[in-house]
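As structure tokens, the structure follows; a few thoughts come after it.
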Amino acid sequence: GFRCVTDECPIAVFMVVFQSIVGCIIDAFIIGAVMAKMAKPKKRNETLVFSHNAVVAMRDGKLCLMWRVGNLRKSHLVEAHVRAQLLKSRITSEGEYIPLDQIDINVGFDSGIDRIFLVSPITIVHEIDEDSPLYDLSKQDMDNADFEIVVILEGMVEATAMTTQCRSSYLANEILWGHRYEPVLFEEKNYYKVDYSRFHKTYEVPNTPICSARDLAEKKYILSNANSFCYE
């Protein structure tokens, strides 16, 4: 024998339609959950690395704060850009205590240098000028300072176009004054080779000024005036 749904059994017709709709909804939820899990960029930020220490050294005649970032995967990070903030407590002129005051650190936003092509490890540079919150800090002040610099790297995952963000931070005692990073990019015959075993290593630069950037600028100004006077 056999059975089939006819118009004389409206409940059976309703149940067949209801079953089809519920089945489509369940399939959509399962497929959506699987796709969301596959596209989630959670693991991507684990392949973006920051150097263990930041450094302060001269670059192009200016005192600079620097740290290094790298991408351990072969796939690129699209529209990658960096930001940095200094966190410290302060008391306002009205006597209000702010436990975590956030001050932006310029890493080239005005000129577009903050946008990077992370095909190999890159050193991010913050020029310590008169607009920098580190302008009045000498090496001795840095050793005794109490602040934290938060560094942020953002970009889109190439495969999924989803935004990912990676963060790190440096305390004052994690900033090495008078150091530079060891080179990690070496030229072979037909290609460049990155040695990540040297990524976190630094070397000391003995001739780095230990005074603040303000004092260094004033000394250069006095010296330039003295040279001009002697020249005249």
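To get this note's numbering, take the position in the sequence shown, counting from 1, and add 56.
Cβ coordinates follow ideal geometry from the N, Cα and C atoms, glycine included.
As the structure is a computational prediction, the values presented were derived from the model and not from experiment.
When C-alpha distances from D187 are compared across D160, G234, L104, the shortest belongs to D160. In this structure A140 is in contact with H182, their Cβ atoms being roughly 7 Å apart against a cut-off of 8 Å. Distances from the CA of F106 to each of I184, N127, E238, M71 were compared; the closest alpha carbon is that of N127. One thing to note: R236 has its Cβ no nearer than 8 Å to the Cβ of V207. Its chain contains Q141, L143 as the residues whose beta carbon lies nearer than 7 Å to that of Q158, once the 5 sequence neighbours on both sides are disregarded; these appear in chain order. Spatial neighbours of R254 in its own chain (CB-CB distance under 6 Å, excluding positions within 5 residues in sequence) are listed in chain order as E238, V240. Counting the other CB atoms within 10 Å of its CB gives M198 a total of 16 or more, which places it among the buried residues. The three-state secondary structure of C267, taken from DSSP, is coil. Annotation: N200 is outside any beta strand (DSSP E); the continuous alpha helix (DSSP H) that includes it extends over 195-200.
Shown here for L272: same chain residues with a beta carbon closer than 7 Å to its own, the five before and five after excluded, namely L119, P265 in chain order.
With 16 or more neighbouring CB atoms inside 10 Å of its own CB, M122 falls in the buried class. Looking at the DSSP output, V134 sits in a beta bridge with M212. The Cβ atoms of L190 and V125 do not sit closer than 8 Å to each other. A buried status is given to A136, since no fewer than 16 other beta-carbon atoms sit within 10 Å of its beta-carbon. For M122, the uninterrupted beta strand (DSSP E) run begins and ends at 118-127, by DSSP. Leaving aside the five residues that flank R146 on each side, the residues in its chain whose CB is nearer than 7 Å to its CB run, in chain order, I154, D157. Judged by their CB atoms, S268 and D192 are nearer to each other than the 8 Å cut-off. With fewer than 16 other Cβ atoms inside 10 Å of its own Cβ, V69 counts as exposed.
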